[in-house]
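Residue numbers (the working numbering), protein chains in the order written: chain A, 130 to 354; chain B, 130 to 354. Just so it is clear, CB atoms sit at the ideal spot from N, CA and C, and this is done for glycine as well.
There are 2 protein chains.
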Amino acid sequence: VISLDDVRKDYPIGTGVVQALRGVNLEVSPNEYVAVMGPSGSGKSTMLHILGCLDTPSSGSYRLDGVEVSGMSEIELASIRNRKVGFIFQSYNLLPRMTVQQNVEVPLVFSGHSDRSRVAQRLLTYVGLGHRLDHRPNQLSGGEQQRVAIARALANSPSIILADEPTGSVDSLTGQKIMALLGALHKEGHTIVIVTHDETVARQTERIIRIRDGQIKKEDLIVHL
Amino acid sequence: VISLDDVRKDYPIGTGVVQALRGVNLEVSPNEYVAVMGPSGSGKSTMLHILGCLDTPSSGSYRLDGVEVSGMSEIELASIRNRKVGFIFQSYNLLPRMTVQQNVEVPLVFSGHSDRSRVAQRLLTYVGLGHRLDHRPNQLSGGEQQRVAIARALANSPSIILADEPTGSVDSLTGQKIMALLGALHKEGHTIVIVTHDETVARQTERIIRIRDGQIKKEDLIVHL
Ligand SMILES: Nc1ncnc2c1ncn2[C@@H]1O[C@H](COP(=O)(O)OP(=O)(O)OP(=O)(O)O)[C@@H](O)[C@H]1O
Ligand SMILES: Nc1ncnc2c1ncn2[C@@H]1O[C@H](COP(=O)(O)OP(=O)(O)OP(=O)(O)O)[C@@H](O)[C@H]1O
Ligand SMILES: [Mg+2]
Ligand SMILES: [Mg+2]
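Given below as structure tokens:
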């Protein structure tokens with residue numbers, strides 16, 4: 130369902146360039162559960178943004194469900210980001226002037242969902258924020274903001290879930306609950322790619338991809354008995 | 130050196146109030162190395178902000194080096210924040226229009242340090258960012274931003290270091306390097322309080338304080354053999 134072919138990403142900076150991705154090749158099948166690990170600055174978020182259609186490669190190709198993304202119109206890309214892909218950002222990217230519940234309802238507005246309030250409240254209650262619905266993002270703890278970002282990404286139950294360090298700001302018990310939610314979604318058929326620095330999180334997936342200096346260096350397959 | 134006496138913190142919200150801290154009593158001695166753990170939303174960042182003179186209790190007292198903080202002038206508080214306490218924020222709080230090096234030099238400007246550039250570069254090189262000096266914060270990865278926040282907090286070599294989840298966004302190797310730096314500072318005599326969700330980080334300190342629902346519930350002392 131996801132296919133990256135010799136993908137490169139350069140960021141111009143001053144008179145030079147940062148080569149964030151230097152030829153990435155990756156195939157992800159439908160319903161696969163993949164973890165991406167690697168040193169800070171190695172290109173994980175950059176790769177995830179390309180997968181989420183939030184950024185484009187400098188060169189190389191990205192095929193999503195068999196279709197080349199670089200050929201798509203802005204409307205098609207927006208539709209993918211809204212319905213097909215749920216993205217949990219490393220720095221949450223919540224809308225500061227909306228409440229917690231409103232933030233989670235935003236994707237449901239765009240997809241024309243008829244029962245936004247109930248869907249948003251159910252997700253927020255699951256991640257333990259049922260008592261924070263009317264707070265604004267700057268009235269939340271770091272881990273609470275992260276949980277709102279998770280609820281928002283899952284609002285439209287997208288077939289592909291891309292999570293950039295979804296347990297980085299929460300205690301281990303809350304982290305287990307988040308991983309239980311992702312595990313249940315995986316069982317239901319979703320395709321999930323998680324960037325994580327946490328080995329215990331990575332070991333709950335099926336396949337660990339290790340990135341260094343903008344390239345995939347090795348992969349481990351995980352057998353759950 | 131740090132003494133909290135029945136400290137409470139209330140946040141008004143809508144028609145109600147969030148009781149973020151509900152009577153916290155804490156004594157930290159000079160050169161102590163303390164970890165603070167607890168569930169997401171339990172009050173850790175709130176407590177750390179009060180310790181760092183970035184916020185004031187709703188009631189109760191905070192004595193720093195024997196002096197009641199609530200009695201201090203704005204100038205005295207600013208001086209404490211600049212020279213006595215180094216604060217590493219959970220969401221970094223970097224200045225977006227300054228470069229990495231300029232961000233780290235800011236505290237050195239305020240303290241009138243005569244050799245800012247060298248101090249900033251040395252710290253940034255230690256945390257592995259010697260090649261990112263001229264980037265702006267939004268041109269960095271999450272973990273790179275975290276490392277700039279660490280370098281900046283340490284610029285004036287403050288006697289008290291308050292770190293809000295300093296390894297949350299980095300891989301384990303980078304995290305070990307950060308902990309090695311904090312460990313070395315502790316050996317040199319600094320007092321360190323780390324909020325963390327990571328047990329391996331907490332076990333490197335001398336004392337683990339566990340918070341739940343705005344109150345300290347238990348403490349563990351760690352004996353290093
Ligand atoms: N400005 C604010 N207004 C209202 N409530 C707030 C505000 N800031 C924090 N809170 C609430 O106070 C509680 C404690 O927040 P705090 O940031 O101290 O938690 P924390 O222990 O650091 O959590 P985390 O591990 O997720 O970072 C949270 O439940 C949060 O919703
Ligand atoms: N807008 C930008 N301009 C210039 N360089 C950038 C930009 N964004 C990222 N970079 C650089 O590209 C590299 C890869 O960044 P990326 O965010 O993908 O890393 P990461 O693997 O997610 O790191 P972390 O684990 O710290 O989150 C980093 O070295 C970073 O400095
Ligand atoms: Mg990242
Ligand atoms: Mg916090």
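DSSP puts residue i in a beta bridge; with which residues?
{"i": "residue 345 (chain B)", "result": "B:340"}
{"i": "residue 166 (chain B)", "result": "B:339"}
{"i": "residue 132 (chain A)", "result": "A:156 and A:192"}
{"i": "residue 223 (chain A)", "result": "In DSSP, residue 223 (chain A) forms no bridge with anything."}
{"i": "residue 309 (chain B)", "result": "Per DSSP, none; premise fails for residue 309 (chain B)."}
{"i": "residue 255 (chain A)", "result": "According to DSSP, which records beta bridges pairwise, residue 255 (chain A) is partnered with nothing at all."}
{"i": "residue 198 (chain A)", "result": "None; residue 198 (chain A) has no bridge partner."}
{"i": "residue 266 (chain A)", "result": "In the DSSP output, where bridge partners are listed per residue, residue 266 (chain A) has none listed."}
{"i": "residue 148 (chain B)", "result": "B:139"}
Check whether the Cβ of residue i lies closer than 7 Å to any heavy atom of ligand 2, and answer yes or no.
{"i": "residue 256 (chain B)", "result": "no"}
{"i": "residue 222 (chain A)", "result": "no"}
{"i": "residue 190 (chain A)", "result": "no"}
{"i": "residue 323 (chain B)", "result": "no"}
{"i": "residue 280 (chain B)", "result": "no"}
{"i": "residue 261 (chain B)", "result": "yes"}
Under 9 Å Cβ-Cβ, which residues of chain B neighbour residue i?
{"i": "residue 300 (chain A)", "result": "166, 167, 168, 169, 171 and 326"}
Should residue i be listed as close to ligand 4, given that the test is whether its C-beta is under 7 Å from any heavy atom?
{"i": "residue 304 (chain A)", "result": "no"}
{"i": "residue 275 (chain A)", "result": "no"}
{"i": "residue 194 (chain B)", "result": "no"}
Given that residue i touches chain B, what residues does it touch there, using C-beta distances under 7 Å?
{"i": "residue 272 (chain A)", "result": "169 and 170"}
{"i": "residue 263 (chain A)", "result": "143"}
{"i": "residue 297 (chain A)", "result": "297 and 298"}
Taking 7 Å as the cut-off, is the C-beta of residue i nearer than that to any heavy atom in ligand 1?
{"i": "residue 389 (chain A)", "result": "Since the first residue shown for chain A is 130 and the last is 354, residue 389 (chain A) is missing from the structure and cannot be characterised."}
{"i": "residue 289 (chain A)", "result": "no"}
{"i": "residue 270 (chain A)", "result": "yes"}
Give the residues of chain B in contact with residue i, contact being defined as C-beta atoms less than 8 Å apart.
{"i": "residue 174 (chain A)", "result": "270 and 271"}
{"i": "residue 140 (chain A)", "result": "268"}
Going by alpha carbons, who is nearest to residue i out of the options?
{"i": "residue 134 (chain B)", "options": "B:236, B:302, B:165 and B:185", "result": "B:185"}
{"i": "residue 140 (chain B)", "options": "A:261, A:354 and A:300", "result": "A:261"}
{"i": "residue 281 (chain B)", "options": "B:270, B:313 and B:238", "result": "B:238"}
{"i": "residue 276 (chain B)", "options": "B:287, B:310 and B:286", "result": "B:310"}
{"i": "residue 171 (chain B)", "options": "A:138, A:258 and A:200", "result": "A:258"}
{"i": "residue 345 (chain B)", "options": "B:145, B:302 and B:166", "result": "B:166"}
{"i": "residue 219 (chain A)", "options": "A:326, A:353 and A:300", "result": "A:326"}
{"i": "residue 273 (chain A)", "options": "B:130, B:349, B:233 and B:168", "result": "B:168"}
{"i": "residue 316 (chain A)", "options": "A:216, A:338 and A:333", "result": "A:333"}
{"i": "residue 331 (chain B)", "options": "B:164, B:143 and B:130", "result": "B:164"}
{"i": "residue 176 (chain A)", "options": "A:146, A:349, A:347 and A:324", "result": "A:324"}
{"i": "residue 253 (chain B)", "options": "B:222, B:228 and B:240", "result": "B:228"}
{"i": "residue 182 (chain B)", "options": "B:214, B:188, B:189 and B:194", "result": "B:214"}
{"i": "residue 264 (chain A)", "options": "B:143, B:131, B:132 and B:211", "result": "B:143"}
{"i": "residue 180 (chain A)", "options": "A:341, A:200, A:290 and A:300", "result": "A:290"}
{"i": "residue 212 (chain B)", "options": "B:284, B:308 and B:231", "result": "B:284"}
{"i": "residue 335 (chain A)", "options": "A:148, A:354 and A:342", "result": "A:354"}
{"i": "residue 267 (chain A)", "options": "A:255, A:222, A:339 and A:145", "result": "A:222"}
{"i": "residue 337 (chain A)", "options": "A:343, A:328, A:329 and A:348", "result": "A:348"}
Between residue i and ligand 3, is there a pair consisting of the residue's CB and a ligand heavy atom that are separated by less than 7 Å?
{"i": "residue 138 (chain A)", "result": "no"}
{"i": "residue 174 (chain A)", "result": "yes"}
{"i": "residue 219 (chain A)", "result": "yes"}
Quick one: which chain A residues come within Cβ less than 7 Å of residue i?
{"i": "residue 333 (chain B)", "result": "Simply none; closest approach about 17 Å."}
{"i": "residue 303 (chain B)", "result": "168 and 169"}
For a contact meaning CB atoms closer than 8 Å, what does residue i contact in chain A?
{"i": "residue 220 (chain B)", "result": "220 and 271"}
{"i": "residue 294 (chain B)", "result": "271 and 298"}
{"i": "residue 162 (chain B)", "result": "Chain A residues near residue 162 (chain B): none, gap ~21 Å exceeds 8 Å."}
Who are the neighbours of residue i on chain A, taking C-beta pairs under 9 Å?
{"i": "residue 255 (chain B)", "result": "Those do not exist, as residue 255 (chain B) stays about 14 Å from chain A at its closest Cβ, beyond 9 Å."}
- Message: I want to know whether the region 280-295 of chain B touches the region 239-259 of chain A - three or more CB-CB distances under 8 Å.
- Response: no
- Message: Quick test of the definition: if touching needs 3 or more C-beta pairs under 8 Å, does the region 151-168 of chain A touch the region 205-213 of chain A?
- Response: no
- Okay, do the region 157-167 of chain B and the region 318-336 of chain B touch, 3+ Cβ pairs below 8 Å being the bar? yes
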